[in-house]
Each structure stands twice: as C-alpha cells, then as structure tokens.
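Per this note's numbering, residue 378 is the first one in the sequence shown, and the count goes up by one each step. Only one structure is covered here, and it is reproduced in the block below.
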Amino acid sequence: MEDMKENREMKAIIRILRFNPDIDEKPYYQDFELELSSGTTILDCLINIKDNLEGSLTFRRSCRSGICGSCAVRINHRAMLACKTQAMDVVRDGVVLVEPLVHLRTIKDLVVDLEPFYNTIEQVHPWLITDHTLKKKEEAGTVIPADVELLGSVDDCIFCGACYSDCNVIDVDRSFLGPAAIAKSFRFTVDPRDSAGDERIRQLVEQGLYKCPVDQECEIACPKGLSLRRDIIEYLRCGAVTNEVGPMPAHKRLIMSVLDTGASVPVTTTQAVDEYPEYECDFHGIHELYIKKFEGEPVAEVVLFFGCIINRRQQDTAAAIINIFQHNNVAVHIPKKQVCCGSPFMRVGMRDAMKPFVTQNFEIFNTYAIHGVPHILTSCSGCNSTFRHDYPGLAREYGLDFDFEIVDVGEYMTMMEADGNLRLEDLKPVKMRAMYHYPCHIRASELDESIYVDLINKIPGMELVQVPSSGLCCGGGGGVRAAYPEVSDKLSIRRMEVAKEEGVDGLLTNCPFCILSFERGLELMRESGEPMEFGIFDFYKVFSRAFGEEEDGTGGVRVEGVGCREDPVFEKQVYTQLTPSPLTIIPHTG
Ligand code: SF4
Ligand code: SF4
Ligand code: FES
C-alpha cells in the first residue's frame with residue numbers, strides 16, 4: 378500500500394500567472410502540462426518548466442528546502458513555499474494555480490518586490506535596544522531557559538512574506554504592520570535584555586495591534602508554524618493592557634457594559650431565554666428552561682449555551698436551534714443565567730479579568746455534567762473557541778476541575794447523524810444557491826469546514842458554491858468592529874463581493890458575529906447603491922426551515938432571512954433582514 382502511494386504518477390496542468398511589465402499590458406495565465414510523481418514539489422515543476430518548456434519563466438528560489446523563504450508564491454490562492462509543497466497534494470480538477478504573492482508589486486511573473494514587506498520589519502526596530510547605563514549583568518537582564526523558549530518561538534521566521542500576502546487586514550489597510558513585523562517586535566519585547574519593551578508595545582498599539590480580527594490566516598500560511606495569533610498578537614495585547622496602552626477606548630466602553638450586564642451586547646427585545654416562561658423549572662439549583670415537546674423518551678439531553686449575541690440580538694436563531702433539536706427528539710436544557718463567555722476580554726488582552734466568567738460558567742456546566750448532562754452545546758463560534766481553547770488553561774490557573782464537553786451545535790448534529798439520530802429523511806427542499814462562510818472561530822476550535830459543508834449539502838435543493846480555501850474574513854472578530862469599524866466594514870464588504878462574483882444568492886454561515894458584520898456591510902452596500910440581490914443566511918434557520926418547522930411560539934422557527942430562490946417571499950425576507958435597526962451603533966467583539 379505504502380509503495381503504491383510512493384510510486385503514484387499523474388498528469389496535471391500547472392497554470393501560472395505571468396506578467397512581464399516590459400512587454401505585457403496585463404497579467405495572463407499560461408498552462409503547462411506536466412507529469413507529476415510522488416515527491417515532485419511545485420518548485421520542481423517551476424524548474425522543469427523553465428529548463429524544458431519556457432525559459433523566460435521567472436521565479437525566486439535558493440535553498441530548495443524551506444530555509445531561505447525565497448520561493449513563496451500563491452498556490453490555489455493561498456501563500457505557500459513552492460519547495461515545501463507536494464504538487465500532487467494541490468491538484469484541483471487536474472489543475473494547480475500558481476500566482477505571485479499579493480499586496481506586493483510584481484516585478485516579473487512570480488517575483489515580487491519585497492521591499493514594502495521588509496520595511497514593515499524595519500519599522501519595529503528589529504534589534505536589541507539596551508540600556509548601557511546599567512553596569513551589572515543582572516540589571517541589564519539575564520536570559521533564562523524559559524526566555525529562550527519564548528524567543529525561539531519566533532526565531533524560526535524566514536521572512537518569506539507568506540503571512541503578509543494572506544493577511545486580510547493588509548488587503549484593506551496598508552498602514553497595518555502585518556503579522557511578521559508584529560512577531561519580530563514580540564521577539565525583542567519579550568527579550569529580558571531589551572530595555573525598550575514598553576515603548577515597543579506603545580508603538581505597536583499605534584501601528585494597529587488592535588486592527589487584527591484574529592482570523593489566523595497568517596498562522597495557516599506560515600510554513601514555520603508560528604502561533605502568530607494566540608501566542609504573539611494576543612500576548613502583546615495583554616502586554617498593552619498591563620502597560621495601560623490597551624485596549625482601545627471603544628473596547629473599554631464595551632468591557633464596562635459586560636461588567637454591568639454580564640453580556641457583551643445590550644438586549645434589543647426580549648432575551649431568548651425569557652421567551653418561553655412556560656418551560657421554566659429548576660435543575661439542581663439552576664434556574665433553567667427544559668424543553669421537550671415531543672412524545673416518548675428523548676434520544677439525548679443537551680445544554681444550550683446561546684452566547685450574548687444569539688440570546689440578546691438573534692432570538693430567531695435561538696428558536697431555530699431549539700426546533701432542530703425538538704424535531705430530532707433531543708431535549709434541551711437552557712440555563713436562564715447565561716453569563717458572557719468572556720471572549721471580548723480575552724481577545725483584547727484582558728486575560729486577568731476572566732476569572733468571574735470562567736468560574737460562573739464552569740459552575741453551571743459542572744452542575745449539568747454531574748447530573749448526567751455532559752454535553753454543553755454552543756451556537757456561537759466565538760464562545761466555542763473561548764470555552765475550548767482559553768478556558769482549560771485558565772481553569773488550571775484558578776484550580777477548577779471540569780468534567781463536561783463543549784460541543785458546537787453543528788458538530789453535535791454530525792454526531793447525531795453518526796448515531797442515526799438526525800432525521801435527514803425529513804429534510805424538505807430549500808432552493809438556495811449559497812456560499813458557506815467558514816467562521817474563523819470555528820476554525821480556531823479545530824472544527825473542519827467539511828463538517829458544515831457536508832451537513833448543508835444534505836438539504837435537498839441546496840447548491841453550495843465554494844471558493845476553495847478562500848480564507849476571507851467577515852471583519853467581526855478580535856474587537857476590530859468596535860475599535861476600527863472602517864476596517865471591519867471593508868473586510869465584510871470584500872468578503873461579500875467575492876461571494877457575489879460567484880453568482881450566489883448569499884452567504885450562509887453559523888456565527889452570529891459574522892452575521893452581524895455582514896448585515897452591517899449589506900447596509901453600507903445598499904446605502905452606496907449597490908445591487909441588493911444578496912442575502913445572509915443563518916445555518917440554524919435554514920436547517921430548521923428544512924426540517925419543516927412552523928412558527929408556534931415555543932421554538933417554532935420564524936423564517937425571516939431564510940429566503941430562497943423560487944420562494945415568493947424571498948425578496949421580502951432578504952430585504953427585511955437588511956433593515957439597519959441597531960447595527961450601526963452597537964460595537965461587538967468576536
Ligand atoms: S490573524 Fe489575520 S488579520 Fe491578524 S495578522 Fe494574522 S492574517 Fe493578519
Ligand atoms: S511569520 Fe511565517 S509566514 Fe510570516 S514571514 Fe515569517 S516564516 Fe514567513
Ligand atoms: S527555496 Fe528556500 S524556502 Fe523554498
């Protein structure tokens with residue numbers, strides 16, 4: 378079996394974006410058919426083409442082993458090292474697309490001018506700044522093994538520029554430093570021998586440390602596996618808070634509101650948890666809703682944690698989720714006191730403020746787990762990623778034990794399907810041509826896009842159009858919408874424009890932050906006179922609709938925004954959803 382794999386061979390088209398500014402008016406694609414075998418890298422293909430087929434093809438390379446960083450190009454729209462990429466792994470429908478890095482001027486073919494990228498590195502003074510007035514070595518700072526580990530975590534950077542090319546913010550705001558420069562600044566900021574750390578952090582905040590929506594595109598691109606988002610950007614944000622130069626004023630207002638109300642957004646109407654008083658009861662001291670409307674024994678019982686946005690702003694989504702579970706004979710426990718997961722604090726560097734949120738949520742979740750309901754389901758991807766990734770470390774610090782399992786609702790639906798408990802045969806057609814928007818917080822929870830794409834594709838009549846690995850950001854995460862709304866707006870509009878180019882009815886997604894951000898973008902597009910045949914579709918509402926639920930006041934789905942082609946109310950529903958209402962004023966932090 379192994380041998381068969383090693384000896385695989387195939388033909389493929391290597392489609393290269395070519396451009397010689399001396400003779401070409403504009404870039405064009407040229408195809409080269411090559412025989413690929415196991416072990417052939419994209420760089421091997423380029424060398425083969427240059428040596429045997431097209432001598433004018435221009436590209437950079439040196440080490441051929443992932444050390445020099447000179448061969449970075451875009452392969453199928455994502456930045457990668459050509460010498461580290463196995464050609465057969467990236468063939469899509471018989472073709473591999475090879476293009477130069479973006480955000481940098483093309484000099485010729487695949488060679489770009491890296492000067493602007495290097496300039497970002499220079500801006501952060503990438504050298505040790507020592508205080509020579511300190512005589513003793515100890516005063517000047519001594520490097521201990523733990524420091525070496527921290528410094529080593531970024532020293533692997535080979536300045537390939539892949540992260541700069543794939544950074545969403547660079548795409549809409551060239552004043553942003555970009556991930557590699559931030560990582561370089563981190564390298565010196567945490568070096569105990571450096572005496573300019575505070576000033577470095579102050580400058581970083583000025584240079585846009587809080588412009589990053591923490592979508593992790595840079596981490597995916599980085600061939601050296603740097604943990605740019607969590608271990609560098611969020612670490613530096615904690616430093617900014619310690620130095621009292623962060624978070625941004627808009628974040629501080631948001632934080633005050635969370636501390637006042639226990640939630641990251643004000644409630645606009647009735648909270649979802651207050652909409653079903655007839656189901657209120659007590660569960661071992663927890664004031665909750667227990668909803669079981671079907672006959673017979675439940676196939677499972679789960680806890681639903683809606684998160685602030687769905688509970689307070691997207692109550693229809695909450696209703697749709699309840700419906701999905703009722704239809705499939707799953708009883709739901711909904712704790713009435715749903716306190717914020719604390720994500721807004723974590724994302725802006727206020728890690729030290731997390732204790733009350735972690736403690737209170739853990740107490741609730743543990744109570745359910747102890748009494749036989751161990752699955753805590755989150756419908757907000759931001760909550761999911763915070764519970765899954767941030768809470769365990771924090772809980773250890775606070776000495777808290779936990780014995781429950783955090784599961785995303787879509788993930789749980791897949792688990793139900795595997796157990797034969799998701800009644801797919803009941804799904805009614807929803808005629809829609811949409812693009813799935815993969816929320817970055819879902820990816821941060823290491824939940825693969827295919828979980829959701831496969832589920833959506835089970836709905837009859839649904840046509841999903843995917844741009845492979847598009848990696849585009851809604852602009853709603855990391856506190857950017859609150860602090861830099863103009864950056865957030867540009868990101869959200871750009872994402873929708875990419876979808877619109879594919880001729881879809883709209884974007885379909887399962888993150889309340891993404892939905893808010895896109896709704897805001899749609900409103901701006903409408904104000905600017907853009908054509909409006911475009912909707913934002915909520916994954917849960919679409920599923921609830923497909924399960925054929927009628928509105929009934931107890932979790933019955935209300936279908937606003939679940940517009941579909943050939944549906945007489947499609948236009949009305951989409952336009953209804955475009956109503957600006959509170960979208961322009963209330964900041965939120967994903
Ligand atoms: S997480 Fe995204 S926006 Fe932030 S630096 Fe990385 S690529 Fe850029
Ligand atoms: S951080 Fe990673 S992707 Fe960015 S320049 Fe360094 S090695 Fe390349
Ligand atoms: S040729 Fe050096 S990293 Fe690819």
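Even glycine gets a Cβ: it sits at the ideal position worked out from N, Cα and C. Since the structure is predicted, the reported quantities are computational estimates derived from the model, not experimental observations.
Reduced DSSP category for residue i - H, G, I as helix; E, B as strand; rest coil
i, result
"Thr931", "At Thr931 the pLDDT is 39, less than 50, meaning the model places this residue with poor confidence; the figure from the coordinates comes in the next sentence. In the structure shown, Thr931 sits in coil (DSSP, three-state: anything other than H, G, I, E or B)."
"Glu410", "strand"
"Gly938", "With a pLDDT of 37 at Gly938, under the threshold of 50, the modelled position of this residue cannot be trusted; read the value that follows with caution. Coil."
"Ala456", "strand"
"Glu386", "strand"
"Asp659", "strand"
"Gly967", "Bear in mind that the predicted position of Gly967 carries a pLDDT of just 46, short of 50, making it too unreliable to give a figure here."
"Lys485", "strand"
"His748", "coil"
"Tyr815", "coil"
"Glu576", "helix"
"Thr763", "helix"
"Tyr768", "helix"
"Asp548", "helix"
"Pro733", "helix"
"Leu899", "helix"
"Glu526", "helix"
"Val830", "helix"
"Tyr653", "coil"
Continuous beta strand (DSSP E) stretch holding residue i: start and end
i, result
"Ser344", "What is shown of the chain runs 378 to 967, which leaves residue 344 out entirely."
"Thr886", "Gly883 to Thr886"
"Phe914", "Gly912 to Asp915"
"Pro624", "Segment: none, Pro624 is in no beta strand (DSSP E) and carries neither H nor E."
"His704", "No beta strand (DSSP E) contains His704, which is instead part of the alpha helix (DSSP H) from Gln692 to His704."
"Leu841", "Met839 to Leu841"
"Ala464", "Here Ala464 belongs to no beta strand (DSSP E), and DSSP marks it neither H nor E."
"Pro712", "Val707 to Pro712"
C-alpha distance - residue i paired with residue j, whole-angstrom precision
i, j, result
"Leu605", "Cys540", "9 Å"
"Val408", "Ala449", "A small correction: the amino acid at residue 408 is Asp; Val does not occupy that position in the sequence shown. Taking the straight line joining both Cα atoms gives about 20 Å."
"Leu487", "Val475", "8 Å"
"Gly938", "Leu771", "For Gly938, the predicted structure reports a pLDDT of 37, less than 50, and the residue's modelled location is therefore unreliable. The matter cannot be settled from this model."
"Leu613", "Thr619", "10 Å"
"Phe396", "Glu499", "29 Å"
"Gly838", "Ile828", "19 Å"
"Val951", "Phe911", "Bear in mind that a pLDDT of 34 at Val951, under 50, signals an unreliable position, so the model cannot answer this."
"Tyr587", "Glu823", "24 Å"
"Leu603", "Thr418", "22 Å"
"Ser562", "Ile610", "10 Å"
"Val525", "Val531", "10 Å"
"Phe914", "Pro675", "29 Å"
"Ala975", "His661", "Outside the shown range of the chain (378 to 967) lies residue 975, about which nothing can therefore be said."
"Val489", "Leu801", "50 Å"
"Lys427", "Pro503", "37 Å"
"Val520", "Asp568", "7 Å"
"Ile390", "Gln703", "50 Å"
Unbroken alpha helix (DSSP H) run spanning residue i, endpoints
i, result
"Lys877", "Pro862 to Glu878"
"Leu333", "Summary: the structure shown does not reach residue 333, with the chain confined to residues 378 through 967, and so no result is reported for it."
"Leu423", "Ile419 to Asn425"
"Ala598", "Glu594 to Ala598"
"Val359", "Residue 359 is absent from the structure shown; the chain starts at 378 and stops at 967."
heavy atom of ligand 2 below 7 Å from residue i C-beta
i, result
"Ala971", "Residue 971 lies beyond the residue range present for the chain, which begins at 378 and ends at 967; the question has no answer from this structure."
"Gly346", "Any question about residue 346 goes unanswered here, given that the chain covers just 378 to 967."
"Pro600", "yes"
"Leu603", "yes"
"Phe563", "no"
"Val553", "Looking at the sequence shown, residue 553 is not Val but Phe. No, the Cβ of Phe553 stays beyond 7 Å of every heavy atom of ligand 2."
"Gly848", "no"
"Gly538", "yes"
Residue i beta carbon near ligand 3 (any heavy atom closer than 7 Å)
i, result
"Ala677", "no"
"Ile444", "yes"
"Ala459", "yes"
"Ser447", "yes"
"Leu420", "yes"
"Arg441", "yes"
Cβ separation of residue i and residue j, assumed to be a contact under 8 Å, to the nearest whole Å
i, j, result
"Cys851", "His814", "7 Å"
"Pro404", "Leu420", "In fact, because the Cβ distance is near 21 Å, the residues do not count as touching under 8 Å."
"Cys760", "Cys718", "4 Å"
"Gly787", "Leu832", "6 Å"
"Pro721", "Leu636", "Not really, about 10 Å apart at Cβ, beyond 8 Å."
"Ile578", "Ala523", "Contact flag wrong, Cβ pair sits at about 20 Å."
Proximity test, residue i beta-carbon vs ligand 4 heavy atom, cut-off 7 Å
i, result
"Arg438", "As presented, the structure is devoid of ligand 4, carrying ligand 1, ligand 2 and ligand 3 as its sole ligands."
heavy atom of ligand 1 below 7 Å from residue i C-beta
i, result
"Asp608", "no"
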